[in-house]
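Residue numbers (this note's numbering), protein chains in the order written: chain A, 1 to 221; chain B, 1 to 411; chain C, 1 to 335; chain D, 1 to 134. Just so you know, even glycine gets a beta-carbon here, dropped at the ideal spot from N, CA and C. Inspection log for the structure reproduced underneath, given as structure tokens.
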Amino acid sequence: MKPAKLLTPEEVVAVFAKKFGKGILESRITERCEGVGKRPSYDIWLDIDRDTLHPAVRELIAIHFPHLGVISGTDIGDAVELNYHFSIYYGTKHGEYMVTLTVALPKSDLRVATIADLIPGAVFSEREKQEMLGVEVVGIPDGRRLFLPEEFPEGVYPWRKDETGIRDGMVKDLWAVGRPANRPARPAIPPEEEGVVQAAEVAEAKVTAREPAPAEEERHE
Amino acid sequence: MSDDPQKKMTPYTVPIGPTHPALKEPVMFTFQMNGEQILKADFAPGQTHRGIEWMGMRRNPVQIVHLTDRICGICGVSHSLAFARAMEQIMEIEVPERADYVRTIIAEFERIQSHLLWAGVAAHELGFDTLLHLTWRVREQAMDTIELLTGNRVNYGIIQVGGVRRDFTPDQFPAIEETLQYYSDLKSKLLKIFLEDKTIQMRCRDCGVLSYDDALKLCTVGPTARASGLNMDVRVDYPFAAYGDLAIEPILPDAYMGETRGDVFDRIVVRLLEVDQSVDIIRQCLDRMPAGEVIAEPKLAKLLNQFKKAHGEALGRHEAPRGEVLHYVRMDGKEHPTSWKVKASSYSNLMSWIPMLEGEQIADIPIIVASIDPCLSCTDRVAVVRSGERGIMTKEELHRLSVEKTRRLSA
Amino acid sequence: MTLIETILAAVGGTVAMAVFGIVAGLFFLGVDRKFAALMQARIGPPLRQPFIDAAKLMRKENIVPENAIPWIFNGAPILALASAITILLYLPVGSIMPVLGGAGDLILVMYLLTIPALAMVVGGFASGSPYATVGAQREMVILIAYELPLAIAIIAIAWRLSMAGIADPFSLTTIAANPVWGVVGPVGAVGLLILLGILAWVTPAELSRIPFDAQEAETELAGGLLVEYSGKNFALFYLAQAVKTIVMAALAVALFLPWNLSSFVAMAPAVAVAADFVFFLAKVLLVVFFSISLIRVSMARFRINQIVSIYWVWLGLAGFVGLALVMIDAILAGV
Amino acid sequence: MATLPMIPELLRQLFRTPATNAFPAKYLPSSVTEFLAKVGRGEAAIHPPVPVPKDFRGKITYDPTGCTGCSLCAKVCPAHAIEVLKDEKRIRIYVSQCIFCSQCTDICPKGSLAMSDAFLLADENRYADHLIVE
């Protein structure tokens with residue numbers, strides 16, 4: 001499915017600006033060149049209004065059926081931002097653009113329309129955003145949890161940075177489990193070594209003041 | 001023969017998972033079956049979700065680079081590369097050209113070992129263990145080369161924000177050349193053993209078909225998409241690292257087989273041919289590799305300070321062996337990212353299981369599930385389901401129970 | 001011979017054959033694993049590994065699942081082992097003639113061969129697991145599938161012997177004493193080769209080995225029929241598997257490779273029995289290599305519908321061709 | 001035969017040496033500890049493991065003499081494997097948590113940390129003495 005005509009990144013932005021006017025809040029194009037040839041690759045970023053999302057995806061489909069990479073999301077304080085990362089013009093050598101549509105959802109009303117009716121594969125990422133960020137995807141064909149286990153508490157959203165995020169008590173620092181709390185003193189450094197001896201001696205005194213640990217007790221069976 | 005369809009069709013449910021010999025990693029499938037035929041398939045991923053993104057948002061990018069190494073045990077460089085590229089864009093770091101080439105070469109060696117690993121797993125799922133042993137044996141050559149170049153076999157730890165941590169030394173080039181020659185010589189043998197084998201053809205041809213339309217609409221990536229005729233390869237379409245300088249074309253099955261059927265067999269074809277393509281890419285890289293530095297900022301402490309000044313958001317992409325990986329990073333002047341989203345290739349491909357599986361037989365489940373080369377992730381915990389109640393057992397509890405049981409048995 | 005002596009001989013023979021079947025069976029399982037390992041460029045386990053496995057399984061706990069019907073679940077492994085040993089009693093081992101036997105025992109063996117499989121089916125259904133149920137259904141399908149080519153092969157040989165004027169052709173003793181290759185002409189030999197090939201392809205299905213192991217299919221059904229079995233019950237199935245390996249090999253030897261060394265070289269009777277026994281083991285080794293090890297490492301597992309079409313269509317057809325050749329041979333021989 | 005291309009390959013392999021590296025012994029010894037003890041006494045031989053390349057990243061080594069306790073290593077450690085002993089201006093490394101990225105050895109301004117080529121580190125106790133470097 002080759003697109004009829006290849007637009008430049010600026011033209012892509014212009015298509016959206018013309019069609020949606022104020023629905024496009026901000027747009028920018030980033031360019032990145034790597035390798036010896038410094039061939040550029042382009043990312044298009046469009047901040048759009050929440051209600052423009054669904055028609056904007058429809059517009060993107062009219063340009064070239066986009067590949068939805070993923071939907072990412074950020075808790076930015078009073079709102080949750082969702083970024084829809086698409087790519088278009090894949091299959092054209094060195095001609096692919098990333099198109100990121102960003103919508104901000106105020107925390108008072110965390111709802112966004114589904115795009116799974118246009119791109120069925122989007123439901124996977126939308127399910128993840130529902131459970132991780134607590135947004136509501138209106139009209140989602142399958143609203144079950146995706147990654148979080150069934151017994152995960154309701155109303156806790158791991159990627160949120162406010163009171164609905166992961167609470168302290170829910171985190172178990174596995175790296176700290178079973179660490180021996182009081183190791184026996186480390187062998188002393190020969191005093192003729194260098195200038196840090198004094199500090200080392202102080203430390204030594206503190207360590208030896210502790211009771212040597214019964215290390216055996218800590219052992220697993 | 002009864003006329004009542006209800007009587008003829010007595011669907012029953014077969015659960016496969018969360019752990020099952022057909023699955024190399026935990027995922028929960030539920031199949032509605034009619035005899036041997038699958039009527040409906042459903043799956044629940046996340047049986048062992050590790051919350052890597054959550055961990056990453058509490059670590060600085062130097063730590064995250066090594067965390068990304070461990071997102072996938074096989075893609076040791078893909079995620080690091082994508083993440084580092086996103087960071088470099090945010091911080092506007094110019095990566096030395098030689099580093100781009102080193103990254104590309106390691107990434108292609110990774111593709112060789114990953115595809116061979118997959119070929120072995122696929123053969124095992126078909127009950128063809130000899131092929132598993134054969135492909136894994138030849139895979140060792142790539143693993144050894146990676147170990148030589150990066151230091152370790154699996155978690156390479158070669159990528160750093162701004163470049164790579166190790167340059168190739170002159171004495172390593174003969175070893176690289178030897179490996180490339182090894183795989184060039186092996187190509188025809190591998191193709192013959194996999195593609196001319198009658199039993200593999202019987203099991204894989206027209207099995208697990210994914211149409212072009214489904215591949216497109218379900219957002220599939222990598223060899224899964226290409227086997228369905230979807231021309232999509234980040235290395236070709238979207239120039240990054242050294243790929244923009246090289247002559248590469250995406251591998252599509254009709255070039256070799258004359259037609260695209262989108263079945264398991266086509267996925268084998270694409271992956272096997274990509275092994276050879278990787279050899280070619282590494283050769284091209286070695287020919288064009290410029291001299292110079294391999295890292296923009298060798299002083300790590302300085303780099304750590306720069307993170308605190310970074311503002312902005314960026315995307316890092318890479319064509320991993322399984323398809324596109326995508327990292328979205330957002331830095332807001334803190335040491336750790338405000339937001340980090342990892343899209344692994346299998347994330348995009350899992351949805352394609354449903355159209356592939358429905359209508360097929362139980363016997364095809366393992367190979368179809370494996371055919372997209374799923375890469376989930378594993379951690380140690382056990383979920384116990386008894387009379388509808390669920391509970392998670394930690395390693396400590398399991399250990400205690402085992403000790404108790406041993407005592408009971410030996411008493 | 002008095003009645004008591006007869007009974008003692010029968011009991012002693014049965015015990016001896018059971019011990020022989022289990023020990024030799026486990027040994028040949030080890031041989032098979034070693035062959036497979038070497039062909040796969042591995043070292044593989046030591047030859048004694050099946051003995052270690054069986055001993056270990058015997059010590060392990062027997063777990064009966066909640067959904068299972070315990071008496072059937074526990075009974076099936078015993079039935080499987082017992083029936084496998086019973087078949088062995090009808091088969092000649094080298095120049096040692098079968099413990100039991102008589103007219104038409106070949107037909108009996110054909111039916112007895114289904115009993116270990118049926119025991120597994122019953123055990124599978126009784127374990128109350130969906131995997132085991134699917135496995136049991138598959139086992140029944142496979143059982144019916146390979147019966148046709150197996151029957152054709154056996155009947156063709158017996159028929160040809162009877163045409164050659166040999167009395168009691170459906171007795172294994174007769175078949176073993178009159179190598180069928182000596183009876184047929186060149187056309188018949190070609191037919192017999194085809195039949196031999198068929199038997200080599202039936203053997204992996206009988207022993208549920210790759211490519212015909214759809215009923216156990218590790219990667220699909222996680223062991224299928226046997227998924228719920230553990231400990232002693234599993235060990236009994238394992239021993240039954242070992243004995244079945246010997247049974248199938250001995251059957252192939254009796255039908256197609258019945259010669260004894262003692263009939264070529266003059267030897268003292270005691271030496272002759274020993275030499276024939278060793279020769280028999282060598283023939284079993286040949287059968288194990290070609291129809292078990294080599295086949296199972298060289299191809300992928302078939303789907304259940306493919307298994308049925310292979311046995312009914314391809315091997316069935318091949319069987320009829322073989323049978324036809326043997327018949328033509330009989331006509332050419334003018335009987 | 002084109003339809004089963006594996007068979008000639010298999011028959012050839014039957015007469016070649018297996019590719020497996022028999023480390024540490026060809027077959028599992030009935031008691032591993034006893035076997036290792038024997039090796040220690042020189043009564044049994046161990047098959048050598050595959051040699052590691054130069055610059056392999058194995059078990060970490062720590063030379064406390066130059067260490068100033070700057071804690072840069074702990075800052076870049078992704079796995080919390082390094083504990084900073086503030087009072088003593090030293091660090092302690094839990095090898096069972098180390099992920100062998102060698103990032104700490106790169107950042108250490110005094111060169112006190114290095115990766116050795118030791119890789120046989122398995123132990124039942126993750127806090128065994130040889131798994132704590134200090």
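Whole-angstrom C-beta distance between residue j and residue i, which should lie under 8 Å
{"i": "C:Y238", "j": "C:A54", "result": "6 Å"}
{"i": "C:E216", "j": "B:I362", "result": "With a Cβ gap of about 13 Å, C:E216 and B:I362 do not count as contacting."}
{"i": "C:A24", "j": "C:S293", "result": "In fact, because the Cβ distance is near 16 Å, the residues do not count as touching under 8 Å."}
{"i": "C:L172", "j": "C:L106", "result": "6 Å"}
Residue i, buried or exposed, once every other Cβ within 10 Å from all chains shown has been counted against 16
{"i": "B:V269", "result": "buried"}
{"i": "B:G127", "result": "buried"}
{"i": "B:Q63", "result": "buried"}
{"i": "A:D33", "result": "Sequence check: residue 33 of chain A is Cys here, not Asp. Classification for A:C33: exposed."}
{"i": "D:P8", "result": "exposed"}
{"i": "C:I4", "result": "exposed"}
{"i": "B:D171", "result": "exposed"}
{"i": "C:T6", "result": "exposed"}
{"i": "D:T33", "result": "exposed"}
{"i": "A:A200", "result": "The pLDDT assigned to A:A200 is 38, lower than 50, so where the model puts this residue is not dependable; a value taken from the coordinates is nonetheless given after this. Looking at its Cβ environment, which holds 16 or more other Cβ atoms inside 10 Å, A:A200 is buried."}
{"i": "A:Q198", "result": "Note that A:Q198 scores a pLDDT of 40, beneath 50, so its modelled location is shaky; the value from the coordinates is reported in the next line. Result: exposed."}
{"i": "A:H67", "result": "buried"}
{"i": "B:T136", "result": "Here residue 136 of chain B turns out to be Trp, not Thr, going by the sequence shown. Its Cβ being crowded by 16 or more others within 10 Å, B:W136 is buried."}
{"i": "C:M39", "result": "buried"}
{"i": "B:I159", "result": "buried"}
{"i": "D:E88", "result": "buried"}
{"i": "A:E194", "result": "Low confidence applies here, because A:E194 scores a pLDDT of 41, under 50, leaving its location unreliable; read the following figure in that light. Label assigned to A:E194: exposed."}
Residues sharing a beta bridge with residue i, DSSP
{"i": "A:E31", "result": "A:Y42"}
{"i": "C:S291", "result": "The partner list for C:S291 (beta bridge, DSSP) is empty, contrary to what the question assumes."}
{"i": "A:Y84", "result": "A:I71, A:L101"}
{"i": "A:P106", "result": "A:A79"}
{"i": "C:F264", "result": "Looking at the DSSP assignment, C:F264 forms no beta bridge with any residue, so it has no partner."}
{"i": "B:D373", "result": "DSSP, once it has assigned bridges, lists no residue as partnering B:D373."}
{"i": "B:E259", "result": "According to DSSP, which records beta bridges pairwise, B:E259 is partnered with nothing at all."}
{"i": "B:T30", "result": "B:P15, B:D42"}
{"i": "D:M115", "result": "D:I60"}
{"i": "A:I24", "result": "A:I48"}
{"i": "A:E136", "result": "A:R111"}
Give, in chain order, every unbroken run of the alpha helix (DSSP H) that is at least 4 residues long and sits entirely within the stretch 112 to 167 of chain B.
129 to 150
Against chain B, which members of the stretch 2 to 29 of chain D pass a CB distance test of less than 8 Å?
Listed in chain order, the positions of the stretch 2 to 29 of chain D with a beta carbon within less than 8 Å of a beta carbon of chain B are A2, T3, L4, P5, M6, E9, L10, A19.
Whole alpha helix (DSSP H) elements within the stretch 109 to 134 of chain C, 4-residue minimum:
114 to 126
If we require 4 or more residues per run, which alpha helix (DSSP H) segments fall completely within the stretch 291 to 354 of chain B?
300 to 307, 345 to 349
At which residue ranges does the stretch 198 to 231 of chain B contain complete alpha helix (DSSP H) runs of 4 or more residues, listed in the order of the chain?
198 to 204, 212 to 217, 222 to 227
Closer than 9 Å, Cβ to any Cβ of chain D: which residues of the stretch 36 to 67 of chain C, in chain order?
A37, L38, M39, Q40, A41, R42, I43, G44, P45, P46, Q49
Taking any Cβ of chain D, which residues in the stretch 281 to 313 of chain C have a Cβ under 9 Å from it, in chain order?
L294, V297, S298, M299
Residues, ordered as in the chain, of the stretch 129 to 150 of chain C that lie near chain B by beta-carbon distance below 7 Å
Within the stretch 129 to 150 of chain C, the qualifying residues are P130, V134.
Positions along the stretch 164 to 176 of chain A whose CB lies within less than 8 Å of some CB in chain D
Cβ proximity to chain D below 8 Å picks out D173, W175, A176 from the stretch 164 to 176 of chain A.
To be precise: take each residue of the stretch 316 to 339 of chain B, compare its Cβ to all Cβ atoms of chain A, and keep it if any distance is under 8 Å. Which residues remain?
R317, E324, L326, Y328, R330, T338, S339
Below 8 Å between beta carbons is the criterion; list the residues of the stretch 297 to 309 of chain B that meet it against any residue of chain D, in chain order.
For the stretch 297 to 309 of chain B, the residues whose beta carbon sits under 8 Å from a beta carbon of chain D are, in order, L300, A301, L304.
If you measure beta-carbon to beta-carbon, which residues of the stretch 215 to 242 of chain C are closer than 9 Å to chain B?
A217, E218, T219, E220, L221, A222, G223
Go through the stretch 46 to 112 of chain D residue by residue and report every complete run of the alpha helix (DSSP H) that reaches 4 residues or more, in order.
72 to 76, 103 to 107
Please name the residues in the stretch 12 to 28 of chain C whose beta-carbon is closer than 8 Å to at least one beta-carbon of chain B, in chain order.
none
Every unbroken alpha helix (DSSP H) within the stretch 9 to 87 of chain C, with a cutoff of 4 residues, ordered by chain:
49 to 59
Taking a Cβ distance cut-off of 9 Å, strictly less, list which residues of the stretch 125 to 145 of chain B are near chain C, in chain order.
E125, L126, G127, F128, D129, T130, L131, L132, H133, L134, R137
Name the residues in the stretch 79 to 106 of chain D whose C-beta lies less than 9 Å from a C-beta of chain B; which are they?
A79, I99, F100, C101, S102, Q103, D106
Could you run through the stretch 114 to 125 of chain B and flag, in chain order, every residue whose CB is less than 7 Å away from some CB of chain D?
Taking 7 Å as the Cβ-Cβ cut-off against chain D, none of the residues of the stretch 114 to 125 of chain B qualify.
Residues in the stretch 197 to 212 of chain B with C-beta within 7 Å of chain D's C-beta atoms, listed in sequence order?
Listed by position, the residues of the stretch 197 to 212 of chain B near chain D (Cβ gap below 7 Å) are D197, K198.
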